[in-house]
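Participant: A single structure is presented below for examination.
Residue numbers (the UniProt record's numbering): 1 to 347.
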């Protein structure tokens, strides 16, 4: 047991409740206090993982002094606190200042990384953002937005989180840095959430697209040739007859082993190693999400279903009852008669 409280800065991912890491979900399930901002982290992410008795603190409605007092209370009461950040907590979000504050207060501190919003947006559009000579990626936070022109001069792929209300100023800095109006841009807003918006446009049309969709809050912009939408080509020889059955893929040793583990986890029979039939496959439960649910149940059960306290029964005042002698109905066995000694000739 720790002698002080603990604060975990958890990257909640791009927003979807199932895109948080297993460690992040477990930290939320263990937390006595969860600090989060509804504008940055979807409410379902907190509702899905937090305990029913956990204290939820809206970060956007408290002052920095109140957050500091909350950390002091955690140190004095040995509480477990989780501070949720959108995306990856290890690469932005102002974690460093709070991290150092908790260390000075004597708290145990850890940072749990998460899926970044940039990675989620790149996966959504099917584009690879790599650190190569042809296409390197520059990440820009709102605090360093004044350096947009300098980064634009590098003519690389840029990932910038900018307030939608300042899109016009952002476009001006892009043009000043050397980007042309025809440079591809991807507008990614609330990626992976129910109301996500992903639009392909250009630098010249960016401001009008943002106004059209009424994006006034911080929005992710991916700028550069690497995010250009791929051109789809349809080959005439690639058509397949509707009546032609699809050939089933040959199962590998790894896929059979994975299927066995999944089946064992959900108490289902292990599937055979023969190729699957040409019918629609049945979706199997996600073993990773099953692990999250088990973590939630193991943590929530003591709080939701408290074990009944043992009842003490006083028996000293009662007179002991005499033992009851029951007549046996069984017929007693006869002992064998003692054998008489044989007489010998000398007696």
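Cβ coordinates follow ideal geometry from the N, Cα and C atoms, glycine included.
So what's residue 230 in DSSP terms, helix, strand or just coil?
Facilitator: If DSSP states are grouped into helix, strand and coil, residue 230 belongs with coil.
Participant: Helix, strand or coil: which one does DSSP assign to residue 71?
Facilitator: Looking at residue 71 - three-state DSSP - the assignment turns out to be helix.
Participant: Buried or exposed for residue 42, going by 16 or more other Cβ atoms inside 10 Å?
Facilitator: Label assigned to residue 42: buried.
Participant: Output the distance between the C-alpha atoms of residue 94 and residue 151, rounded to the nearest integer angstrom.
Facilitator: Answer to the nearest angstrom: the Cα atoms are 21 Å apart.
Participant: Taking Cβ positions, are residue 181 and residue 202 nearer each other than 8 Å?
Facilitator: Taking 8 Å as the Cβ cut-off, residue 181 and residue 202 qualify as a contacting pair.
Participant: With DSSP as the reference, label residue 19 as helix, strand or coil.
Facilitator: Note: residue 19 maps to helix in three-state DSSP.
Participant: Using a Cβ distance threshold of 8 Å, determine whether the segment 217 to 234 contacts the segment 151 to 163, with at least three qualifying pairs required.
Facilitator: Touching, per the Cβ criterion.
Participant: Where does residue 262 fall in DSSP's three states?
Facilitator: Note that residue 262 scores a pLDDT of 44, beneath 50, so its modelled location is shaky; the value from the coordinates is reported in the next line. Note: residue 262 maps to helix in three-state DSSP.
Participant: On the DSSP bridge list, what partners appear for residue 189?
Facilitator: In DSSP, residue 189 forms a bridge with 197.
Participant: Touch check for the segment 32 to 52 and the segment 119 to 128: three-plus C-beta pairs under 8 Å?
Facilitator: No, the segment 32 to 52 does not touch the segment 119 to 128.
Participant: To the nearest angstrom, how far is the alpha carbon of residue 102 from that of residue 212?
Facilitator: Rounded to the nearest angstrom, the two C-alpha atoms are 43 Å apart.
Participant: Report yes if the CB atom of residue 74 is closer than 8 Å to the CB atom of residue 5, and no otherwise.
Facilitator: Yes, the pair counts as a contact, with Cβ atoms nearer than the cut-off.
Participant: Going by beta carbon distance, what residues of the same chain come within less than 8 Å of residue 272, once the five residues before and after it are set aside?
Facilitator: With a pLDDT of 49 at residue 272, under the threshold of 50, the predicted position of this residue should be treated as unreliable, though the coordinate-derived value follows. Cβ neighbours of residue 272 beyond the five flanking positions: none.
Participant: Among the candidates 128, 155, 194, whose CA atom is the shortest distance from the CA of residue 230?
Facilitator: Answer by Cα proximity: 128.
Participant: What residue from 34, 198, 108, 17 has the CA that sits closest to residue 76's CA?
Facilitator: For the residues 34, 198, 108, 17, the minimum Cα distance to residue 76 belongs to 108.
Participant: May I have the straight-line CA-CA distance separating residue 175 from residue 40, to the nearest angstrom?
Facilitator: Straight-line Cα distance between these residues: approximately 29 Å.
Participant: Taking all protein chains shown into account, decide if residue 154 is buried (16 or more other Cβ within 10 angstroms of its Cβ) or exposed.
Facilitator: Residue 154 comes out exposed.
Participant: Using the three-state DSSP reduction, which class does residue 176 fall into: helix, strand or coil?
Facilitator: Helix, per DSSP.
Participant: Assuming the contact rule is C-beta atoms closer than 8 Å, residue 50 and residue 31 should be a hit. Round their C-beta distance to whole Å, please.
Facilitator: Sure, about 7 Å apart at Cβ, within 8 Å.
Participant: In the DSSP assignment, find the unbroken alpha helix (DSSP H) run with residue 59 in it and report its ends.
Facilitator: Segment: none, residue 59 is in no alpha helix (DSSP H) and carries neither H nor E.
Participant: Pull up the distance between the alpha-carbon of residue 183 and that of residue 158, whole angstroms please.
Facilitator: For residue 183 and residue 158, the distance between alpha carbons rounds to 11 Å.
Participant: For a quick check, are the C-beta atoms of residue 111 and residue 23 less than 8 Å apart?
Facilitator: Not a contact, by the Cβ cut-off of 8 Å.
Participant: Go through its chain and collect everything with a Cβ distance to residue 105's Cβ below 7 Å, but skip five positions before and after it.
Facilitator: Excluding positions up to five away in sequence, the list reads 71, 72, 75.
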